[in-house]
Every structure is written in structure tokens, then in C-alpha cells.
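Notes to accompany the following structure.
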Amino acid sequence: MRKASISLLTLIFFLSSCQQIKQSYEETINPKPEQKDKPREQLGSSSSSSTTYSTSSSSSSHSSTVETGQKESESLFKSKEKLDQIQQELVNLPLFRGKKIMLYKSFFLYDHMDGMIIIQMQNPDKPDEVDEYTYRYGKWQEPTPVKITGNIPMESFLYPMDKIKFSLAHDIHEEMIKEAKNMEGGVASDHVYFTHMDFHGIERSYWYSSVKGDRKDLYIDFNTEGKEISRR
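So in numbering that gives the first Met the number 0, the last one in the sequence shown is 231, and the numbering has no gaps at all.
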């Protein structure tokens with residue numbers, strides 16, 4: 000009887016752990032960024048949105064105009080060179096200069112009010128700590144601490160920054176614009192994401208973005224080189 004009770008408790012603990020791992024994995028694959036501004040898609044339905052889009056040729060001509068009187072802003076995805084510059088400004092911060100720099104879990108680029116990027120980075124001087132960095136108003140803001148939770152090792156979410164190119168977000172956004180033109184009511188997302196996880200032989204490192212349409216939505220995943228790997 001005692002052995003049966005111990006076996007039952009072990010099984011319950013194992014199932015609980017599996018559920019937590021599954022939840023952590025799903026949150027990593029489809030992260031929900033904690034942002035201060037809501038994406039345009041959440042500001043209203045496609046029929047009543049106060050935001051207008053111009054995607055006639057490429058993201059270089061993309062602009063957004065909001066009826067609240069805000070000035071027209073330049074797309075974050077307009078220039079690959081600018082995105083590379085923003086990345087260099089991050090890795091050249093005093094804390095990171097000359098050290099191995101590691102991304103933690105995921106990050107996203109948000110094309111709103113001259114652009115916003117939110118990324119979590121391991122502290123190279125204190126490897127068990129992670130801080131969140133936000134690019135906004137044309138510069139990187141002071142970092143804020145990140146609370147590490149869950150039962151998946153921190154190392155499973157670390158990815159070398161020298162293997163990431165912010166400029167790929169430009170190409171991915173361009174692809175979303177092309178896809179949007181082939182969809183009824185298609186509007187390319189103003190978000191581009193990157194996510195990474197390597198746990199128990201399951202490794203996923205990829206970019207993704209989406210297109211919202213009147214009859215369906217489209218999500219496309221890209222590998223670390225910017226090549227399409229799947230769509231759903």
C-alpha cells in the first residue's frame with residue numbers, strides 16, 4: 000500500500016511538471032510582450048481604425064497617420080542600415096562592450112511612433128540575472144530587472160547576440176507587406192518577433208510575423224537567416 004501511494008504521488012508530480020514545461024514552452028513559442036503601448040491592431044477593428052497605412056511599394060514608403068494630430072512617423076523597418084545601427088548601439092553599451100552577449104528568450108520590434116524594441120539580455124557580469132532593455136524615442140533606455148520564473152533552466156533560453164541581425168526584421172516586414180496584398184483586407188503586422196528555446200532536444204530559434212485579413216489571418220515563421228520555414 001505504501002509503495003502504491005508513493006508511485007501515485009510521483010505520477011502526480013511528474014504530470015504537474017510536464018504541464019508547467021508545456022506552458023513555459025508555449026509561452027516561449029508565442030510570447031506575449033508586456034508593452035506600454037497597445038499594437039495598432041488592438042486600437043480598433045479594421046473597419047473603424049483611425050490609422051491609415053501606405054504600403055504601395057515597400058516599407059521604405061510605409062507611414063502611419065493617426066487622427067489625434069500626432070506627426071507622421073518614419074517606419075522602424077524602413078532601413079536595414081538603421082536597424083543594424085540600433086543593434087550596434089545596444090551591444091556597445093558599457094556593460095556589454097568586449098564581452099559575450101546573450102539574448103534571453105525572445106524580443107520584438109514594434110513599428111509605432113518612430114519605433115520601439117523590447118529585448119531581454121543576460122547580465123554578463125552576473126550570469127544569473129536578466130535585464131530588459133527598451134529602445135524608444137531614438138535611443139536605448141535604462142534597463143529594468145526581469146524576474147525569472149518557471150522550472151526550465153535559464154540556459155535553455157540563452158542565445159548569442161552575434162547570431163542575430165536586427166536588419167532581418169526589414170526583410171520579414173517586406174514579406175508581410177507582399178502577403179497582405181494577396182489577402183482580402185490584408186494588413187501587415189507592425190510587430191516582428193524573434194524567439195529561442197533549447198530544452199531536452201527541442202530547439203527552436205526563429206523569427207515570425209503575421210498578416211491580419213478580413214477572412215483569415217496568416218502567420219509565417221522564418222529561420223535565423225530570414226528564410227521562410229512554415230506558415231499557418
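In this text, a Cβ means the ideal position worked out from N, Cα and C, and glycines have one as well.
In the DSSP output, which residue or residues are listed as bridge partners for Asp124?
Paired residue(s): none; Asp124 is not in a bridge.
Considering just the uninterrupted stretch of the beta strand (DSSP E) at Leu157, what are its terminal residues?
157-159
Any idea which residues DSSP pairs Phe193 with across the strands?
Phe106, Trp206
Pull up the distance between the alpha-carbon of Arg96 and that of Asn122, whole angstroms please.
Arg96 and Asn122 have their C-alpha atoms some 12 Å from each other.
Tell me whether the stretch 151-158 and the stretch 132-142 touch, counting them as touching only if at least three CB pairs, one residue from each stretch, are closer than 8 Å.
Output reads no: the stretch 132-142 does not touch the stretch 151-158.
If we count Cβ pairs, one from each stretch, closer than 8 Å, do we get three or more for the stretch 186-201 versus the stretch 159-178?
Flag = yes, the stretch 186-201 and the stretch 159-178 touch.
Whole angstroms are fine: how far does the CA of Ile219 sit from the CA of Leu82?
Roughly 21 Å separates the two Cα atoms.
Find the nearest neighbour of Phe198 within the set Val90, Asn150, Leu75, Gln119, judged by alpha-carbon distance.
When each option's Cα is compared against that of Phe198, the closest is Asn150.
Rounded to whole angstroms, what's the CA-CA distance from Leu102 to Gly185? Just pull it up for me.
32 Å
I'd like to check one pair, Thr143 with Asp124: are the Cβ atoms closer than 8 Å?
no
Please identify the residue among Trp206, Gly212, Lys215, Asp213 whose C-alpha is closest to the C-alpha of Glu228.
As written in the sequence, residue 228 is Ile, which differs from the Glu given in the question. Closest option to Ile228, Cα to Cα, is Trp206.
If you draw a straight line from the alpha carbon of Asp216 to that of Lys177, how long is it in whole angstroms?
14 Å
Taking just the CA atoms, how far does Ala179 sit from Gly212?
If you take the alpha carbons of Gly212 and Ala179, they lie about 8 Å apart.
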